[in-house]
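Take any residue in the sequence shown, note its place counting from 1, add 6, and you have its number in our numbering.
In what follows, a single structure is set out as C-alpha cells and then discussed.
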Amino acid sequence: MKKFASLLLCLVMAVTSFSFMACTPEVPDTPETLEIYCWDAGYGTQWCIDMVEEFKKQEWVKEKYPNLIIPAVTTNDVSNFAESKLNAGQKANSFDLIFGANLQSFAGPNGQFLELTDLVYNSTVPGENVKWIDKAFDSYNRSNKYIDVTDLSSETYYLTSWAGGMNSIIYNEDTLNDFGIKVPNTTDEFIAACATIMANKGADNGKYNEGYSIVQAKDAIGYLKYLFPIWWAQYEGVDNYFNFWNGIDDNRYSKNIFLQEGREHALSVYEELLDYDKGYFTPSSFTWEFMQSQTLFLQGHGVFHVNGDWFDNEMRAIANEIKATSGIDTFKTMRVPVISQLGVKLGITDAQLSAIVDYVDGVTTTQPVFTSTTDYSNDEVIAAVREARTIVGSIGPNHTSAIPSYANGKDVAVDFLRFMATDIAIESYIKSTGGASLPFKYNLKEKNSALYDTLNPLQQSRLDYFGTDKYEVFTLPADYAFPLAKYGGLKAFIKEDYHTVFASSGNKKTPKDFMDETLEAWNDTKWNMALANAGIAN
7 MKKFASLLLC LVMAVTSFSF MACTPEVPDT PETLEIYCWD AGYGTQWCID MVEEFKKQEW
67 VKEKYPNLII PAVTTNDVSN FAESKLNAGQ KANSFDLIFG ANLQSFAGPN GQFLELTDLV
127 YNSTVPGENV KWIDKAFDSY NRSNKYIDVT DLSSETYYLT SWAGGMNSII YNEDTLNDFG
187 IKVPNTTDEF IAACATIMAN KGADNGKYNE GYSIVQAKDA IGYLKYLFPI WWAQYEGVDN
247 YFNFWNGIDD NRYSKNIFLQ EGREHALSVY EELLDYDKGY FTPSSFTWEF MQSQTLFLQG
307 HGVFHVNGDW FDNEMRAIAN EIKATSGIDT FKTMRVPVIS QLGVKLGITD AQLSAIVDYV
367 DGVTTTQPVF TSTTDYSNDE VIAAVREART IVGSIGPNHT SAIPSYANGK DVAVDFLRFM
427 ATDIAIESYI KSTGGASLPF KYNLKEKNSA LYDTLNPLQQ SRLDYFGTDK YEVFTLPADY
487 AFPLAKYGGL KAFIKEDYHT VFASSGNKKT PKDFMDETLE AWNDTKWNMA LANAGIAN
C-alpha cells in the first residue's frame, strides 16, 4: 500500500510539474522587469511577496516604471541555491535581485554583483528625509562593507541584509512566575534561576518539575554560540572587543589579544550553565530536531531557549495548534543577562549590578547607591553597564541580498532595496512575519501602536528590547566584517566546540584550556602571515 501511494504521489507530482512548466509564460527580460529569488528560511517568503505588492503601489514607482513587470517570486528552502546559480554563470541566472545567504564571496570589483555604495547606501530613502545608510543599523553596514586588503579605509558596498536576525533568550513567563523567579538581569541570577528549577525536580507541587532549564536542538545547539560574543563584549566593552578582531592590543598589533579575559569569563558562564552533572541543560538537545525541540518548549518543557526573531514565524502554526488543543503558556524575549564578572571588574556586587541594570533599563528611576572598590567613578560604572545592556547578537548579516551586475532589471532592483528602508516596507515585513524586523532603526510601538498591539507577547517584548528608547542597541558585526577574520583566519578560539564540550558527561576541559591552546597555536609565523593576508603591515 505504501509503495502504491508513493508511486501515485510521484505520478501526480510529475503531471503537476509538467502542467506548471507548460502553462508558465516566458518572462520578458526588459529593464522594467524584476525577477526575484527569495530563500525560504525561518522567515518564510510571504514577506517578500507582500513587499512586492507594496512596492508596486507606490506612486513614484508607477511614474518611474510605467511598464513594470514583477513575476511571481521564485522561492525554495535550498540554502545554497543562489550560490549555485551564481556559480553557473550569467546564462544560467535570470534573477535581477537575490535574497539569499552568505553571498560575500561573490562581492568585490571582480565579482558578480552591482556596487551599491552610491546607488543604495548613500541614497535617500524614498519619501523620507534620511540616508539609507543612516537608517540602517551600523553593525549591518560594517558587516556588509567590502574589505579591500589594498585599501582598508575603502567604504564600498555590494550587499545589503534582508533580515534583522537579532537573537536572545526566549523564556516561559508562566513557569518563572510559578517559581517566583524574576527575569534574570545578570548571569549569576540566570544560573541561580536554573539551580532553583533543578532543586524542584520531581516536586509534586503543580509547577514545572522536570528539572532542566535550557532547551535546544541538535541543529540549534549552535544557537547557544550567539550568547558568547555578547558576554565577551559586555565584559571588555565594544571598543576592546573590536580591538581583538582588529588584532590590536595596547595600540599596536599584537598576539596579546589572545589574553583578553572577557573570552575566558564568557566561557566560564557556559561551563556553569552546561555542566552535565548540574543538569540545567537537557542532554536530549543533542538528539532532538529543531522543530521537535521548539515544539516541546512551547508545550511547557524547559524554561529558557536561545533563538531569534524568526522563531515566532517559524512556530506560528504549531503554536496555534497547541493553543487550540491544550492551551499555551506566555512566552517572552528577555534581554541577554549582563555577565556578572563585569560587576567584579567594576568593583560592585552582583546585587548592585542587577540594580544598575534595572536603572539603565528604566525599570527604576533612582540611581542605586554604590561605591566601586576598583576605583571606577559612578558615571563610569553606569556607562559600562549601559553599554553592556545595549549589546545584542544577530545572524542578520548572513542573510544577504544582492543584484547581479549583468541584470537587465538592475535599476528596478536598486529601487526595491531602497524601498525596503521605508517605514511602509518595514511595517509590511513586520505584518508578514508576525513581528520580525528588518535591520533598520524603527520603534514600532511609537510609530504604529495599533500594529504593535496585534503581535503576541513574545514579539512585543522582543521589539521592546531592540526598539527601546532608553538606549540604542548595538548589534555586533559578523566576524567576517574584520580583515583579520575574513582573510587571516582569526577566531575567538582555535576550537569553538565549547558548548558541546562543557555539556559532555565527564568533561574536564576548562575555559583556561581553551585560552591556553589558542595562545599556543598562534605562533609568530601564523600571526605574521595572518596580518599579511589581511593587508596589515606589522
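C-beta atoms are modelled at their ideal positions from N, C-alpha and C, and glycine is treated no differently.
Residue i burial status per 10 Å Cβ neighbour count (16 or more: buried)
i           : result
residue 391 : buried
residue 28  : Confidence in residue 28 is poor, its pLDDT being 39 and thus under 50, which makes the residue's placement too unreliable to answer from.
residue 104 : buried
residue 258 : exposed
residue 72  : exposed
residue 30  : Bear in mind that the predicted position of residue 30 carries a pLDDT of just 47, short of 50, making it too unreliable to give a figure here.
residue 509 : buried
residue 338 : buried
residue 345 : buried
residue 265 : exposed
residue 166 : buried
residue 530 : exposed
residue 262 : exposed
residue 65  : exposed
residue 375 : exposed
Residue from the options whose Cα sits closest to the Cα of residue i
i           : options               : result
residue 295 : 362, 223, 152 and 253 : 223
residue 498 : 511, 517 and 506      : 517
residue 175 : 458, 341, 199 and 422 : 341
residue 362 : 234, 393, 534 and 338 : 393
residue 504 : 56, 279, 171 and 77   : 279
residue 323 : 338, 300 and 310      : 300
residue 141 : 424, 492, 540 and 412 : 424
residue 380 : 355, 162 and 491      : 355
residue 369 : 191, 96, 456 and 97   : 191
residue 45  : 238, 88 and 252       : 88
residue 206 : 195, 181, 229 and 230 : 181
residue 276 : 435, 522, 474 and 234 : 234
residue 193 : 349, 493 and 374      : 349
residue 112 : 228, 408, 100 and 56  : 408
residue 507 : 460, 532, 184 and 282 : 282
residue 475 : 243, 464, 367 and 163 : 367
residue 197 : 417, 490 and 343      : 343
residue 396 : 461, 358, 428 and 471 : 471
Per DSSP, the bridge partner or partners of residue i
i           : result
residue 81  : 44
residue 119 : 410
residue 446 : 142
residue 428 : DSSP, once it has assigned bridges, lists no residue as partnering residue 428.
residue 382 : Its beta-bridge partners do not exist; DSSP assigns none.
residue 480 : 397
residue 151 : 163
residue 258 : 255
residue 203 : According to DSSP, which records beta bridges pairwise, residue 203 is partnered with nothing at all.
residue 75  : 39
residue 287 : 220
Rounded distance between the beta-carbons of residue j and residue i, thought under 8 Å
i           : j           : result
residue 219 : residue 203 : 5 Å
residue 173 : residue 313 : 6 Å
residue 319 : residue 49  : 6 Å
residue 440 : residue 156 : Not quite, the Cβ-Cβ distance comes to about 45 Å (not below 8 Å), so this is no contact.
residue 493 : residue 539 : 5 Å
residue 479 : residue 398 : 5 Å
Unbroken alpha helix (DSSP H) run spanning residue i, endpoints
i           : result
residue 499 : Note, residue 499: premise wrong, no alpha helix (DSSP H); not H, not E.
residue 312 : Where residue 312 is concerned, there is no enclosing alpha helix (DSSP H), although the beta strand (DSSP E) it sits in stretches over 310 to 314.
residue 177 : It is not in any alpha helix (DSSP H) - residue 177 instead sits in the beta strand (DSSP E) that spans 172 to 178.
residue 100 : Residue 100 -> no alpha helix (DSSP H), and no H or E assigned at all.
residue 319 : 317 to 331
residue 534 : 530 to 539
residue 49  : Run containing residue 49: none; DSSP gives neither H nor E here.
residue 220 : That residue, residue 220, is in no alpha helix (DSSP H); it is neither H nor E in DSSP.
residue 345 : Unbroken run through residue 345: none, as it is neither H nor E.
residue 362 : 356 to 367
residue 299 : 296 to 304
residue 267 : 267 to 280
residue 64  : First-last for residue 64: undefined, no H or E at that position.
residue 377 : Careful: residue 377 lies outside any alpha helix (DSSP H) and carries neither H nor E.
residue 127 : Counting along the chain, residue 127 falls outside any alpha helix (DSSP H), and DSSP gives it neither H nor E.
Endpoints, the beta strand (DSSP E) within which residue i is located
i           : result
residue 518 : Note, residue 518: premise wrong, no beta strand (DSSP E); alpha helix (DSSP H) at 517 to 527.
residue 338 : 337 to 340
residue 399 : 397 to 400
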